[in-house]
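In UniProt numbering, the protein residues as written are 1 to 389. Note that beta-carbon positions come from the ideal geometry of N, C-alpha and C, so glycine has one too. Please read all numbers here as calculations on a predicted model, not as lab measurements. Here's the structure, in structure tokens; my notes come after.
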Ligand code: NAD
Ligand code: USQ
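And the structure:
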């Protein structure tokens, strides 16, 4: 298949492009390098050094003999997006290219507006380009488990059968997101479902949980193929942060009360889920939703798993929660769609955690300690960055 990976320079987009290329697909990546720009804005860097795109592509050609084409541009530029899709003529488009940090979207008005504009407008441009170039193209879009929030009923895969006053219909599952970022994904889902219903597009919305890990079999083949590893309080995700905190001898920062529960998955499962979704497209006119997670854990449990597996003392610190989120709640998620397509999950095993400890240990000198503590508060939507506007 010809597969275009939007956001192909990111934490997940790059290893996904390599995995798809390794599996024999003709792959192109696209990115505007906004993520590298947020690093400059925040004054932090990926824990693991990453190479510029051209070096990455040359290294992949060297180790695999395969070529990945690259496009540089912003999805919010509708002409660029249309021309790129018309030029590459993909069978599937994997769309990772959004601002993805909840705390970044909650810094202040400017960051909230940027996040929603970037994500919603970019996604709309992709939908219009597919409709114009070839409505047969399958859109595989990264959504998030955080679209659902933590409702007091079972979470289905995207759709819910509702009976009301004696009548029944199949409706989009109600959403209760927890940040302006998570809200942008809800808006995307509605726009995609509309495009499927009105134009007959085919799309898969992958509501992904929190990803952990840094290595895939392909990125491990050469240091130049490494993907990023964010640990700071804005872009670092929880398990990745706890691993680096343990290695530094710092307490693991559980935001109170710690009972908040999230769906999670290994980065090696992310790339495989994307392959499965691409190779088994949604039907014409179908808005298909999969919940892309393999296990759920409370943050307390995540901290305990990291502490138990670390060879050395680890403290757990209960920090005042900078977010507004339910601390104790029901959480029961249906996630059978990808398993039915053949996913064989890597469950949170000691092996992976040990591998993450050794990666973190190798680069611990690069950590900016000041970036570890949370600074963005949901309640005030203001931060020290405001002064720099
Ligand atoms: P990332 O920030 O590392 O990668 C996103 C990439 O998209 C970056 O390289 C960025 O430069 C690019 N990009 C952003 N806006 C763009 C635009 N307008 N035009 C072109 N390129 C643009 O993020 P990630 O962790 O790889 O996440 C990828 C996707 O998966 C996101 O959509 C995110 O919401 C979703 N997701 C991530 C996680 C996770 O734990 N990392 C979990 C669930 C869902
Ligand atoms: N948390 C802590 N301590 C920390 C960091 C986080 O207790 O040091 C808690 C948070 O309060 C939250 C949970 O851990 O309850 C998850 O936080 P996170 O920063 O790991 O993840 P989140 O903000 O939800 O966002 C990440 C990705 C995002 C993706 C989402 C999937 O950045 O792109 O959409 O995971 S989900 O959580 O399913 O919505």
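Which same chain residues end up closer than 7 Å to residue i when comparing Cβ atoms and leaving out the 5 residues on each side of it in sequence?
i: residue 180; result: 105, 106, 112, 115 and 116
i: residue 330; result: 152
i: residue 55; result: 224
i: residue 316; result: 251, 252, 254, 303 and 307
i: residue 169; result: 162
i: residue 186; result: 147, 175 and 177
i: residue 276; result: 338, 341, 342 and 343
i: residue 150; result: 326, 329 and 331
i: residue 144; result: 182, 185, 207 and 208
With 16 as the cutoff for other CB atoms within 10 Å, does residue i come out buried or exposed?
i: residue 21; result: buried
i: residue 176; result: exposed
i: residue 164; result: exposed
i: residue 244; result: buried
i: residue 90; result: buried
i: residue 71; result: buried
i: residue 389; result: Residue placement at residue 389 is flagged as unreliable, the pLDDT there being 45, under the threshold of 50; the coordinate-derived value follows with that caveat. Exposed, since its Cβ has fewer than 16 Cβ neighbours within 10 Å.
i: residue 8; result: buried
i: residue 194; result: exposed
i: residue 98; result: buried
i: residue 11; result: buried
i: residue 157; result: buried
i: residue 253; result: buried
i: residue 147; result: buried
i: residue 171; result: exposed
i: residue 369; result: exposed
i: residue 102; result: buried
i: residue 282; result: buried
i: residue 340; result: exposed
i: residue 336; result: exposed
i: residue 332; result: exposed
i: residue 109; result: exposed
i: residue 320; result: exposed
i: residue 365; result: exposed
i: residue 358; result: exposed
i: residue 182; result: buried
i: residue 209; result: buried
i: residue 13; result: buried
i: residue 154; result: exposed
i: residue 376; result: buried
Per DSSP, which one or two residues make a beta bridge with residue i?
i: residue 296; result: 263
i: residue 256; result: Residue 256 is not bridged to any residue.
i: residue 72; result: 31
i: residue 92; result: 3 and 138
i: residue 26; result: 2
i: residue 212; result: 266
Near residue i, what residues of its chain come up, given a Cβ to Cβ distance below 6 Å and the 5 sequence neighbours on each side ignored?
i: residue 78; result: 125
i: residue 323; result: 378
i: residue 61; result: 67
i: residue 241; result: 231
i: residue 310; result: 246
i: residue 328; result: 259
i: residue 212; result: 239 and 240
i: residue 85; result: 129 and 133
i: residue 345; result: 269 and 294
i: residue 356; result: 243
i: residue 25; result: 1 and 3
i: residue 222; result: 59 and 63
i: residue 37; result: none
i: residue 219; result: 15, 225, 226 and 227
For residue i, which residues of its own chain have a beta-carbon under 8 Å away from its beta-carbon, when the five flanking residues on both sides are left out?
i: residue 312; result: 246 and 249
i: residue 380; result: none
Counting only C-beta atoms, is residue i closer than 8 Å to chain C at any point?
i: residue 347; result: Of the protein chains in the structure, only one exists, and it is not chain C.
Report the start-end ranges of each alpha helix (DSSP H) in the region 144 to 208 that is 4 residues or longer and not cut off at the edges. 180 to 199
Would the region 271 to 288 count as touching the region 351 to 360 if we require 3 or more Cβ pairs under 8 Å? no
Check whether the region 29 to 45 and the region 7 to 21 touch, using three or more Cβ-Cβ pairs below 8 Å as the test. yes
Beta strand (DSSP E) runs contained entirely in the region 274 to 339, provided each spans 3 or more residues: 287 to 292, 295 to 298 and 316 to 319
Validate contact between the region 135 to 146 and the region 197 to 211 using beta carbons, cut 8 Å, 3 pairs: yes
Quick one: any contact between the region 227 to 234 and the region 295 to 314, if contact means 3 or more CB pairs under 8 Å? no
Please determine if the region 42 to 62 and the region 214 to 233 are in contact, where contact requires at least 3 C-beta pairs separated by less than 8 Å. yes
For the region 266 to 285 and the region 335 to 350, state whether three or more C-beta atom pairs, one from each stretch, are separated by less than 8 Å. yes
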